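Report on the following structure.
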Amino acid sequence: MMVSDVNAPRAKRGWKWVAGMALGGAAAGGLAGFLFADRIDAMLGGPEPDPSRLVAFMVALVYGATALLVLAGLVNPRIGARFLNVEDADELIEQRRQLVLSALSMLSIAGILLALAFAAPAGPLPREAALGAAMLGFVVLAALSARVRGMLDELMRAVSQEATVWGFHLLAVGGGVWSVAAHLGYAPAPQPLDFITAAAAALLVGAFIAVGKRGMLAPR
Amino acid sequence: LENRVRQHRESRGWSQGELAARLGVSRQTINAVETGRYDPSLPLALRLAKLFGRPVPELFIDDWEPEA
Chain A
198 MMVSDVNAPR
208 AKRGWKWVAG
218 MALGGAAAGG
228 LAGFLFADRI
238 DAMLGGPEPD
248 PSRLVAFMVA
258 LVYGATALLV
268 LAGLVNPRIG
278 ARFLNVEDAD
288 ELIEQRRQLV
298 LSALSMLSIA
308 GILLALAFAA
318 PAGPLPREAA
328 LGAAMLGFVV
338 LAALSARVRG
348 MLDELMRAVS
358 QEATVWGFHL
368 LAVGGGVWSV
378 AAHLGYAPAP
388 QPLDFITAAA
398 AALLVGAFIA
408 VGKRGMLAPR
Chain B
74 LENRVRQHRE
84 SRGWSQGELA
94 ARLGVSRQTI
104 NAVETGRYDP
114 SLPLALRLAK
124 LFGRPVPELF
134 IDDWEPEA
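Here's what the structure looks like:
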């Protein structure tokens with residue numbers, strides 16, 4: 198069995214590996230969320246569970262973890278090429294500047310979400326500090342996005358545009374259905390923080406859809 | 074869109090990186106074009122044709138035919 202696995206076509210074996218990692222990650226994330234939801238919620242300062250802050254916190258963690266993975270991969274491109282699903286280490290080296298700026302953009306989004314999730318009155322972060330951090334995050338994000346855009350070649354520009362379109366549609370459909378349900382009294386109304394979290398999450402999912410549709414998630 | 078970019082590149086002994094550098098795009102773009110995951114823009118297709126000294130329809134094969 199081991200021999201046949203080792204000799205399996207690389208792509209087939211890779212898909213199994215990716216599927217295993219995805220399932221394992223989802224299971225571990227779900228379990229961790231289930232086990233630590235109360236503790237995380239207490240950290241967020243709410244006397245009662247606040248799903249909006251909790252989801253913002255979780256999305257921030259995903260952005261932060263993704264950014265740190267990219268930066269870790271850039272520190273050692275040979276090892277990074279194995280888990281960042283690129284052609285080889287040279288690809289990481291060639292795109293180092295762009296990837297660093299993209300990772301910093303993701304950290305900015307994580308910072309914005311964290312600042313808002315931990316903001317007063319329910320959270321421990323004073324309102325003024327949260328506002329300052331969020332505004333700074335948006336300014337840094339805008340500057341980094343403009344800088345990265347100038348570095349993209351036509352493929353990545355096309356992927357970026359597709360990701361944005363997917364993100365918009367996800368946000369429009371998800372937010373639209375939720376708003377209709379809330380307007381008609383079938384669901385609680387979205388909180389202001391939900392809009393920001395949903396925009397960030399939709400952009401991330403949109404990016405995965407865009408690169409996935411081009412076969413760029415297929416293991417190299 | 075099926076294409077013969079890889080054949081023309083390899084016939085000149087260029088790596089994907091070399092071709093990318095000549096065209097001013099990333100190696101990822103060349104790889105995506107060659108594997109059919111990305112149809113290049115018209116300017117890039119024209120540059121490829123110019124670089125290989127071949128007409129665009131010889132590099133990118135489109136089966137579409139106008140109705141008689």
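Heads up: the sequence lines are chains A and B, in that order.
Everything in the first sequence is counted per the numbering used here, starting at 198 for the first residue and increasing by one.
Everything in the second sequence is counted per the numbering used here, starting at 74 for the first residue and increasing by one.
For every residue, glycine included, the Cβ atom is placed at its ideal position computed from N, Cα and C.
Nothing here was measured: the structure is a model prediction, and the numbers come from that model.
Under 8 Å, do P389/A and W375/A count as touching if we go by C-beta distance?
no
Are the Cβ atoms of R79/B and L96/B separated by less than 8 Å?
no
Helix, strand or coil for L322/A? Go by DSSP, reduced to three states.
L322/A falls in the strand class under three-state DSSP.
Nearest-angstrom Cα separation, counted from A262/A out to M218/A
In this prediction, M218/A has a pLDDT of 49, which is less than 50 and means its spatial position is unreliable; nothing more can be read from the coordinates.
In the region 349-373 of chain A, which residues sit with their C-beta less than 8 Å from some C-beta in chain B, listed in chain order?
Residues passing the 8 Å Cβ filter: D350, E351, L352, M353 and A355.
Whose Cβ in chain A lies nearer than 8 Å to the Cβ of R110/B?
R411, G412 and M413
What would DSSP say about F315/A, mapped onto helix, strand or coil?
coil
Let's test the definition: count the other Cβ atoms within 10 Å of the Cβ of M413/A and tell me whether it reaches 16, buried, or not, exposed.
By the neighbour-count rule (16 or more Cβ atoms within 10 Å), M413/A is buried.
Chain-order list of residues whose beta-carbon lies under 6 Å from that of L400/A (same chain, five-residue window excluded):
G364
Would you please state the rounded distance, in angstroms, between the beta carbons of L92/B and R77/B? I believe it to be under 8 Å.
With a Cβ gap of about 13 Å, L92/B and R77/B do not count as contacting.
Determine the direct distance from the alpha carbon of N273/A to that of S305/A, and round the result to whole angstroms.
23 Å
Would you say K117/B faces chain A, with C-beta separation under 8 Å as the test?
Looking at the sequence shown, residue 117/B is not Lys but Leu. With 8 Å as the cut-off, L117/B counts as an interface residue toward chain A.
Measure from the C-beta of A122/B to each C-beta in chain A and report whether the shortest distance is under 8 Å.
By this cut-off, A122/B is not an interface position.
Beta-carbon gap between A253/A and L313/A smaller than 8 Å:
yes
For the region 86-101 of chain B, list every residue whose C-beta sits within 8 Å of some C-beta in chain A, in sequence order.
G90, G97, V98, S99, R100 and Q101
Straight-line gap, E284/A to G86/B (C-alpha atoms, nearest Å):
19 Å
Whether L289/A touches L296/A by CB criterion (8 Å)
yes
Best match in I309/A, A319/A and L338/A for proximity to L301/A [C-alpha to C-alpha]
Comparing alpha-carbon positions, the option among I309/A, A319/A and L338/A lying closest to L301/A turns out to be L338/A.
So is R127/B buried or exposed if we call it buried at 16+ other beta carbons inside 10 Å?
R127/B should be labelled exposed.
Using a Cβ-Cβ distance under 8 Å, would S114/B count as near chain A?
Yes, contact with chain A.
Could you check if V362/A is buried or exposed, using at least 16 other CB atoms within 10 Å of its CB as the buried criterion?
exposed
Per DSSP, which residues does E75/B bridge with? Please list them.
Paired residues: I134/B.
Apart from the five residues just before and just after A278/A, which ones in its own chain have a Cβ nearer than 8 Å to its Cβ?
Taking A278/A as the centre and dropping the five residues before and after it, the same chain places the C-beta of G270, E284, D285, A286, E288 and L289 closer than 8 Å to its C-beta, in chain order.
Out of L352/A, L341/A, R250/A and D247/A, which one is the CA nearest neighbour of L115/B?
The residue with the shortest Cα to Cα distance from L115/B is L352/A.
Can you tell which of V336/A, S249/A, G372/A and V256/A has the C-alpha that lies nearest to the C-alpha of A398/A?
V256/A
Consider the Cβ of Q292/A: report whether some Cβ of chain B lies at a distance smaller than 8 Å.
yes
Once DSSP output is grouped into helix, strand and coil, what is the label at Y383/A?
If DSSP states are grouped into helix, strand and coil, Y383/A belongs with coil.
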